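Chains as they are written, first to last, in my numbering: chain A, 19 to 250; chain B, 7 to 398; chain C, 15 to 399.
Don't be surprised by glycine CBs; every beta carbon is placed ideally from N, CA and C.
Source: prediction; values computed, not measured.
Here's the structure we're looking at; comments come further down.
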Amino acid sequence: MTDSAPLYTLTDLSKSYTRGRETIKIFEQLDMTITSGEFIAIMGPSGSGKTTLLNLLGGIDTPSSGTVDFEGSRVDNLSQGKLAAWRARHVGFIFQFYNLMPTLTAAQNVELPLLLTKLSGKERKNRVLTALDIVGIADRAGHRPRQLSGGQQQRVAIARAIVADPEVLLCDEPTGDLDRNSADEILGTLQELNKDLNKTIIMVTHDPAAAKYARRELFLDKGRFVEKGDHT
Amino acid sequence: MFKQSIAVTMLNLRSIPQRLGLSLATIFSIALVVAVLMGFLAMANGFRATVAGAGEDDIAVFLRAGSQAELNSGLSRDDVRLIEEGPGIAAAADGTPIVSGELYVIVDGIKRSSQTEANLPLRGVSMQAPQLRAGFEIVEGRMFAPGSGELVVGASVLREFQGFELGDPVRLGTNTWTVVGIFSTGGSLAESEIWTDIGVLQNLYQRGSGVQSVRARLTSPEAIEAMRTFVADEPRLNLDVSSEQEYFASSAGGTSDLIMYLGWPLAIAMAIGALAGAWNTMYSSVDTRTREIATLRAIGFSGGAAFVGTMVESMMLAAIGGLLGAGVSYLMFNGISASTLGSGFTQVVFSFSVTPRAVINGVALAMIVGFVGGFIPAIRAARVPLLSVHNG
Amino acid sequence: MNDATLIRKGLFRKKLRAILLMVSIMIAFLIFGALGAFYTVFTAGVDVAAANRLITVNRINFTVSMPFAYWGRVQQVDGVENVSHASWFGGYYQEPRNFVQSFAVDPESYLAAYPELVMPDEQRAAFLNTRTCLAVGDDLATQYAWSLGDRIPLLSNIWQKTDGSSSWEFDICAIFDGDEAAVPANYVMFHYEYYNEALAFNSNQLGWMIVNTTDPSINDRVGREIDALFANSSAETETSTEAAFSRAFLEQYGNIALVLVLVVGAAFATILMIVGTTMVMAINERTKEIAVMKTLGFNEGRIFRMVLSESILLSLIGGLIGLGLASLLVAGAAAALAGFLPGLTMPMSVVLTALALMLGLGIITGIIPAINATRIRIVEALGKN
Numbered sequence: 019m020t021d022s023a024p025l026y027t028l029t030d031l032s033k034s035y036t037r038g039r040e041t042i043k044i045f046e047q048l049d050m051t052i053t054s055g056e057f058i059a060i061m062g063p064s065g066s067g068k069t070t071l072l073n074l075l076g077g078i079d080t081p082s083s084g085t086v087d088f089e090g091s092r093v094d095n096l097s098q099g100k101l102a103a104w105r106a107r108h109v110g111f112i113f114q115f116y117n118l119m120p121t122l123t124a125a126q127n128v129e130l131p132l133l134l135t136k137l138s139g140k141e142r143k144n145r146v147l148t149a150l151d152i153v154g155i156a157d158r159a160g161h162r163p164r165q166l167s168g169g170q171q172q173r174v175a176i177a178r179a180i181v182a183d184p185e186v187l188l189c190d191e192p193t194g195d196l197d198r199n200s201a202d203e204i205l206g207t208l209q210e211l212n213k214d215l216n217k218t219i220i221m222v223t224h225d226p227a228a229a230k231y232a233r234r235e236l237f238l239d240k241g242r243f244v245e246k247g248d249h250t
Numbered sequence: 007m008f009k010q011s012i013a014v015t016m017l018n019l020r021s022i023p024q025r026l027g028l029s030l031a032t033i034f035s036i037a038l039v040v041a042v043l044m045g046f047l048a049m050a051n052g053f054r055a056t057v058a059g060a061g062e063d064d065i066a067v068f069l070r071a072g073s074q075a076e077l078n079s080g081l082s083r084d085d086v087r088l089i090e091e092g093p094g095i096a097a098a099a100d101g102t103p104i105v106s107g108e109l110y111v112i113v114d115g116i117k118r119s120s121q122t123e124a125n126l127p128l129r130g131v132s133m134q135a136p137q138l139r140a141g142f143e144i145v146e147g148r149m150f151a152p153g154s155g156e157l158v159v160g161a162s163v164l165r166e167f168q169g170f171e172l173g174d175p176v177r178l179g180t181n182t183w184t185v186v187g188i189f190s191t192g193g194s195l196a197e198s199e200i201w202t203d204i205g206v207l208q209n210l211y212q213r214g215s216g217v218q219s220v221r222a223r224l225t226s227p228e229a230i231e232a233m234r235t236f237v238a239d240e241p242r243l244n245l246d247v248s249s250e251q252e253y254f255a256s257s258a259g260g261t262s263d264l265i266m267y268l269g270w271p272l273a274i275a276m277a278i279g280a281l282a283g284a285w286n287t288m289y290s291s292v293d294t295r296t297r298e299i300a301t302l303r304a305i306g307f308s309g310g311a312a313f314v315g316t317m318v319e320s321m322m323l324a325a326i327g328g329l330l331g332a333g334v335s336y337l338m339f340n341g342i343s344a345s346t347l348g349s350g351f352t353q354v355v356f357s358f359s360v361t362p363r364a365v366i367n368g369v370a371l372a373m374i375v376g377f378v379g380g381f382i383p384a385i386r387a388a389r390v391p392l393l394s395v396h397n398g
Numbered sequence: 015m016n017d018a019t020l021i022r023k024g025l026f027r028k029k030l031r032a033i034l035l036m037v038s039i040m041i042a043f044l045i046f047g048a049l050g051a052f053y054t055v056f057t058a059g060v061d062v063a064a065a066n067r068l069i070t071v072n073r074i075n076f077t078v079s080m081p082f083a084y085w086g087r088v089q090q091v092d093g094v095e096n097v098s099h100a101s102w103f104g105g106y107y108q109e110p111r112n113f114v115q116s117f118a119v120d121p122e123s124y125l126a127a128y129p130e131l132v133m134p135d136e137q138r139a140a141f142l143n144t145r146t147c148l149a150v151g152d153d154l155a156t157q158y159a160w161s162l163g164d165r166i167p168l169l170s171n172i173w174q175k176t177d178g179s180s181s182w183e184f185d186i187c188a189i190f191d192g193d194e195a196a197v198p199a200n201y202v203m204f205h206y207e208y209y210n211e212a213l214a215f216n217s218n219q220l221g222w223m224i225v226n227t228t229d230p231s232i233n234d235r236v237g238r239e240i241d242a243l244f245a246n247s248s249a250e251t252e253t254s255t256e257a258a259f260s261r262a263f264l265e266q267y268g269n270i271a272l273v274l275v276l277v278v279g280a281a282f283a284t285i286l287m288i289v290g291t292t293m294v295m296a297i298n299e300r301t302k303e304i305a306v307m308k309t310l311g312f313n314e315g316r317i318f319r320m321v322l323s324e325s326i327l328l329s330l331i332g333g334l335i336g337l338g339l340a341s342l343l344v345a346g347a348a349a350a351l352a353g354f355l356p357g358l359t360m361p362m363s364v365v366l367t368a369l370a371l372m373l374g375l376g377i378i379t380g381i382i383p384a385i386n387a388t389r390i391r392i393v394e395a396l397g398k399n
């Protein structure tokens, strides 16, 4: 069941960047509403700004103009310190190339976001185990990333993204580097997180098969949204 | 393999600008090590050269047995007479034996550099003394007149101390003297001294007719053996006889050794530090170019070529550092004048001397650092796994 | 796991590199520690000098002697609490190479002048009362394996007896030590009278006088009065504080401090360059990882602190090992050099300075990488796929 309260409201959003003397517009005057509990797949040709949109939703980039509202208050104009704290609390990222710390074990990687909380060592350990359990990789807790397959690394990355219990998961091509089987497993896990734990998931992908796992497909092209279809 | 090595080497060298910071740091650290080593070598060599000087082998130096240094020695006028009658003593044209009984006291002078007091030898000599110092010449003014309160001053003293210009009145002890001449001996120890008539000195310092040492010119270097026998057989004489060469060589010891005992270990310690630095640089060099090296190997270049390429890069950085350090040392150190405490509690003025041998030592040290520092990374470069072509 | 773990992992990411950097730092602090210790002890003479002790020497030079009669006259000067004298004997034991620092003194006034010399009461009494007594410093007794009751002949490099020999016979009746490690105990003392009465020449002279004033504030006045006593005589005097005298003697060696500072400075400049550039490089390599940390919510301040801590940790580890090695070196050399440099230890001042330098080095080499880390822009760093 989806909650109908809007989680994100993007108003009149524009993003462009300058390279040398050229100004390249990614998109302009974009409006968008995301309600809590949604699972959205954003597709589009390369350069269309899908990743940029994700970055704006996650507070790791700021718009050229327009506003990004989260739970009713603006986040695009927060200071870097406040943004960092906001991210830690509300957002989990999942990247195409996992971006795990090579020197840390799987468990330690998952524990990273909890260092930003005031939880005790014991409480952190519990949370880590829970997260690893949810994604089904608890048996590899002590392994380093180089000892894990791509699919296993992505699981660890997902565990890291949910361990602090954020409302939102932002995924940038999460299955882009995986074989078909691993991809299906990962996407299945994301579905479970959305259904069972009510996580709002926004996934950027260029793979139509992956997009099918989402409940709503958006197509971004030339800075405009086109609704692909709603699969509830 | 030779052509391959050259190709890889050129690639390596061309990519140095990407690692400019670290490469420069390595060059400078090696240059510093070499400079420190050469500084100490220059000090020790300069000191040794001055003290050992060109001691002559046909001048005999007589000291009281066991005294080892002039200050500790004491001979009587009778001793001097007996020596004059000994075998092998050369005579001047008019028949007088070329023998000089000498005695010195320590006086104070003000060093120009630090404006502090330092010890100087005031040596009382006989009129034959100039004939007993190689290369002695009065470069300005004249020799002192016997029995007068006049001084001649060594050129080094003039350089390092103030107040000894020609014509200056000099107050030493309770008396005022006048500088009437400046002498040079080509930079040897004698130039760090002030001379006057021995009779005057004996009088002023109440030494009666005693002296500390006797210098005599021999008819030939071999004549010293006859003199040694003569002294040994003569019960009234209790003396040590050495040639001037032997005497100087034994005096140089102390301070020169001290400088070397300090200098070499320091240079080696710093070299170890620079070695760690060079190793680190080469290690980073190989590391950042892993994909590049793997690509070369995938194309077909041999591991040996990669090894050579890295070694050449390392040795080249070291060579530049070594030459830089040597060059800077030469410019900064060579010829600068300094003075320090010699074995007789007086100042010895010497010049830092950067010899070709020292330069070779310095550059050799740099090359060793470059070789050892680059060796393991070079082996690593040779063994980069081909699959690294996929590294991000 | 906590921040400390992350810092440690960051530093040792490439173990060999971390070790090499630590070796470089270790060497620099080894050099600093060793040279610092040697220099401090070398100049310690200035430190153990008593504030109210003056040294009077012949104005020409301290190697020229003064008439014995001067001693009695200085005793009359107002403000002089105690005056003693000593003369250089130039002694050796059996062979000229067995050099023994020896002084002919007036025992009672000399011990009063140097209260830091300690020995058992009965030995002190023996020294005062026995004309042929030789009071031997502890270090020297150990070096030559001498004991109480031994009869030792000492030969002089300079002086001769009326009978033509240069050998004086002594009985060791006292062994003394300094009340602090830095006070030298590497010499011997004996009765001036016993020595003087046998002298063939230069008798009734003394080498230098030691004057204890009633208070340091009158040092200058007392010094001037003493020198005024002997102005315009054949042996004018120069009186200065013991500290000034020691300092002047050391300065004769030349500007040792300058040489040491240059060498140590060169060593530190080296590691600064090497470690500094390497740390910048190391952080550069981790651009993406740091960007990910930022996405997780680590703010700039925290990242700055963590990177700086890496540099400081590196500096501390390398520096402490180097300092430890220097201390070992100094301890090992102390025994061998006891005759030349008494009381050689690692002074606290050197340790504290080293710690400050370690901290400074860590900060200087870490500041740029830390700033770079905070400046990493997430979007750019992650965009490099």
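| Item | Value |
| --- | --- |
| Presumed contact (8 Å Cβ cut-off) between V105/B and L128/B, rounded CB distance | In fact, because the Cβ distance is near 21 Å, the residues do not count as touching under 8 Å. |
| Classification of K217/A by the beta-carbon crowding that lies within 10 angstroms, buried from 16 upward | buried |
| Contact list for A345/C against chain B, beta-carbon separation under 8 Å | Those within 8 Å of A345/C in chain B number zero; the least Cβ separation is about 17 Å. |
| CB contact check: V277/C to chain B, cutoff 8 Å | yes |
| Best match in M338/B, R303/B, N367/B, V360/B for proximity to A13/B [C-alpha to C-alpha] | R303/B |
| Interface flag, D85/B vs chain C, CB-CB below 8 Å | no |
| Segment contact, 8 Å Cβ cut-off, at least three pairs: the segment 383 to 392 of chain C with the segment 301 to 317 of chain C | yes |
| Chain C residues whose Cβ lies nearer than 8 Å to that of P192/A | In chain order: nothing, as chain C lies at least about 13 Å away. |
| As assigned by DSSP and simplified to three states, the class of S161/C | coil |
| Closest by C-alpha distance to G331/B, when choosing among N367/B, I299/B, A344/B, T235/B | N367/B |
| Alpha-carbon spacing of V360/B relative to N51/B, whole angstroms | 8 Å |
| Simplified DSSP state of W173/C, which is helix, strand or coil | coil |
| Whole-angstrom distance between E298/B and A387/B, CA atom to CA atom | 10 Å |
| Backbone CA spacing between T146/C and E109/C [nearest angstrom] | 21 Å |
| Within chain B, partners of T77/C - CB distance below 9 Å | L77, V111, I112, N125, F351 |
| Closer than 7 Å at the beta carbon, the chain C residues around A227/A | Here the premise fails: no neighbours, minimum Cβ distance about 21 Å. |
| Contact with chain E by M372/C, beta-carbon distance below 8 Å | The chain inventory of the structure shown lacks chain E, comprising the protein chains A, B and C. |
| Cβ contact (3+ pairs, closer than 8 Å) linking the segment 44 to 53 of chain C and the segment 277 to 288 of chain C | yes |
| Proximal chain C residues relative to R34/B, where beta-carbon distance stays under 7 Å | Before going on, a small fix: residue 34/B reads as Phe here, not Arg. Per Cβ cutoff of 7 Å: M287. |
| Three-state secondary structure assigned by DSSP to K28/C | coil |
| Min CB distance Q126/A to chain C below 8 Å | yes |
| Test: M19/A CB closer than 8 Å to a CB of chain C | Confidence at M19/A is low in this model, with a pLDDT of 45, below 50, so its placement is unreliable and no value can be given for it. |
| Which listed residue (T156/C, L334/C, T57/C) has its alpha carbon closest to that of A199/C | T156/C |
| Cβ neighbours of I172/C in the same chain (closer than 7 Å, five flanking residues each side left out) | G104 |
| Alpha-carbon to alpha-carbon, R319/C and I385/C | 10 Å |
| 8 Å Cβ cutoff, Y289/B in contact with chain C | yes |
| Where Q353/B falls: helix, strand or coil (DSSP) | strand |
| Simplified DSSP state of N181/B, which is helix, strand or coil | strand |
| Cβ shell of A65/C (< 6 Å), same chain only, five flanking positions each side left out | P230 |
| Contact with chain A by N399/C, beta-carbon distance below 8 Å | Residue placement at N399/C is poorly supported in this model, since its pLDDT is 45, which falls under 50; the coordinates are not used for a value here. |
| CB contact flag (L196/A, G169/A, <8 Å) | yes |
| Interface flag, N209/B vs chain C, CB-CB below 8 Å | no |
| Length of the line joining the Cα atoms of E62/B and S341/C | 46 Å |
| Rounded C-alpha distance that separates T250/A from E89/A | Its pLDDT being 45, under 50, T250/A is placed unreliably in this model, and the coordinates cannot settle the point. |
| Exposed unless 16 or more other CB atoms sit within 10 angstroms - verdict on R73/C | buried |
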